[in-house]
Amino acid sequence: MGKQSLLHLLCGVCLLAVLSVSLVNAENPYRFYTWTVTYGTSSPLGVPQRVILINGQFPGPQLDVVTNDNLVINLFNKLDVPFLLTWNGIKQRKNSWQDGVLGTNCPIPPGSNYTYNIQPKDQIGSFTYFPSTGFHKAAGGYGAINVNQRPGIAVPYAPPAGDFTLLVGDWYKVDHKTLQSSMDSGNSLIPPHGVLINGKTQATFNGDQGKTYKFRISNVGLGLTLNFRIQSHTMKLVEVEGSHVMQNTYDSLDVHVGQSVTVLVTLNQAPKDYYIVASTRFTTRKLSASGILHYSNSKTSVSGPLPAEPTYQLHGSMLQARTYRWNLTSNAARPNPQGSFHYGTIKTTKTIVLSNSATKINGKQRYAVNGVSYVNPETPLKLADHFNIAGVFSMNSLKTNPTTGAATLATSVVPTSLHDFIEFVFQNNENTMQSWHLDGSSFWVVGFGSGQWAPAKRNTYNLADAVARHTTQVYPNSWTAILVSLDNQGMWNMRSAIWERQYLGQQFYLRVWTAEKSLANEYNIPSNALLCGKAVGRKP
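Numbering (mature numbering (1 follows the signal peptide of the UniProt record, and there is no 0)) for the sequence shown: -26 to -1, 1 to 514.
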């Protein structure tokens, strides 16, 4: 081959490479954000109190993005204490370095900043972010992440006339530092004082008669299940935490802590204003926030009592949960049917049964998993694992079945292998509602049941069209079973979504590991990684 031909060939290869990079960048655009976290004063329940603002907003800025967008968020911490945000439901493929919890990241020091690089890879749906440090979540700092489909990817419903985001949750009048100090002293968390919708006790949503609107509902509260309903209107459920579901219609929906659902509502009633209600469930003292659905041609204000919550209680709520089914005929974030992964035919690698408990350790209130109450170390587990720093965490303290005896304190990590397919059973022997969340992966919620789980309960599992999601409830004195494919290498947090329980020890980490070192499995440590604890002085 002559020099001129070789030169043409090399130029052609270079051109193809440039075009390939351009196509990749065009397909996965970058979105840049600068967020500043500060304290501010607000009166969501009529009493001035300190809240956490992001860019002066409470709740924080809403992220409206598209599947596979690269989100570059430069976060400046102007608080007086270290701070982190976590991305609730965003899977962070191969990148637990960006998970934003104390097991993977050093907190951002006061007066400093950190740049997150996150990507909702192959995801469509409604998600949230919130503070993971201390008890900051009780002061705000949360917001919505709405991930829309790329062009050419169909969703199983017509485009709505509007898209509303509702961040609902219980709220306290007491300062978050006072709440944290009380728990640090050994006390249980006091009951909340109210419920908020988008940081207020009342919000208005406007629409035109005859049109259909999308409502994204997320429970961003600290501890209580909420029931959501709209006076005289039904709700068609279309998406649950990134999964399109069978479009059943409901008069009301139970949304547990940490969960997100998306519904379609058609304004098919007489032109007037209607109540929107989020109220606490399974509590003696009822708390609620009421919004308004305002028809644009309405001349009549809302009046009368709020629409009543469902008369059914725990059993009815469990029956409702069983009606949630994956839509196997719709596309996911990629143009292939969601049901192409037949989870029900895969043999499980192991079964792990997890029992939560309330306990006292050294005279202080703690919460435990299989008798172990988690303690955050000064060195994030991910950094300790990366730098081979011994003595930071234990991989044998948490047993894979419930234990008897007194609860202990430990920094517990459960060892697993990349591509394990695990059956987790959450056994709740307490009289309180539980909510469990797993970072880094979605899981199939295959079964709910009362009493004690036993292997024979597998005969009741939904092995065909269970919903893939990241948070599940566990009813009092009941069990919930999930199946999860651990195809995301890293150190991932499994925790109670009820923040008092998470803060006081009801959590642990999964180490999803393989001996193979490959960027196909996990990204390298970021060059801007913050180092703390025993990792100080090392090079990322």
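By construction, the Cβ of each residue, glycine as well, lies at the ideal position given by its N, Cα and C atoms. Since the structure is predicted, the reported quantities are computational estimates derived from the model, not experimental observations.
- Per DSSP, R24 is one residue of the beta strand (DSSP E) stretching across 23 to 28.
- The C-alpha of V441 is placed about 18 Å away from the C-alpha of K431.
- Distance between L392 and L412, taken at the CA atoms: about 16 Å.
- Cβ neighbours of T15 within its own chain (closer than 8 Å, five residues either side excluded): P22, Q23, R24, V25.
- Burial check for D359: the Cβ neighbour count within 10 Å reaches 16 or more, so the residue is buried.
- Residue pairing by DSSP places S291 opposite no residue, since no beta bridge is assigned to it.
- In the structure shown, L58 adopts coil according to DSSP, grouped into three states.
- The DSSP-derived three-state label of T374 is coil.
- Within the region 325 to 396, the runs of alpha helix (DSSP H) that reach at least 4 residues and sit entirely inside it are, in chain order, 355 to 360.
- Here H218 has P130, N301, S304 as same chain residues with Cβ atoms under 6 Å from its own Cβ, once five neighbours each way along the sequence are excluded.
- Take the alpha-carbon of A509 and the one of F361: they are about 7 Å apart.
- Within the same chain, Cβ atoms closer than 8 Å to the Cβ of P309 are found at G126, I127, the five residues on either side in sequence being excluded.
- For the options F256, G173, V486, I456, the alpha carbon positioned closest to that of W466 is the one of V486.
- For H444, no beta strand (DSSP E) encloses it, and the DSSP letter there is neither H nor E.
- C-alpha of S70 to C-alpha of Q463: approximately 8 Å in a straight line.
- Around the Cβ of S416, a 10 Å sphere holds 16 or more other Cβ atoms; the residue is buried.
- For the options T236, T199, V235, the alpha carbon positioned closest to that of Q287 is the one of T199.
- Around the Cβ of I164, a 10 Å sphere holds fewer than 16 other Cβ atoms; the residue is exposed.
- Annotated three-state conformation of T319 is helix, per DSSP.
- Nearest C-alpha to S347 among L383, L328, A332: L383.
- At the C-beta level, G74 and L58 come within 7 Å of one another.
- Within the DSSP bridge table, the entry for D144 names V169 as partners.
- Under the criterion of beta carbons closer than 8 Å, D247 and V229 do not qualify as touching, at roughly 23 Å.
- Looking at the DSSP output, F398 sits in a beta bridge with I326, I456.
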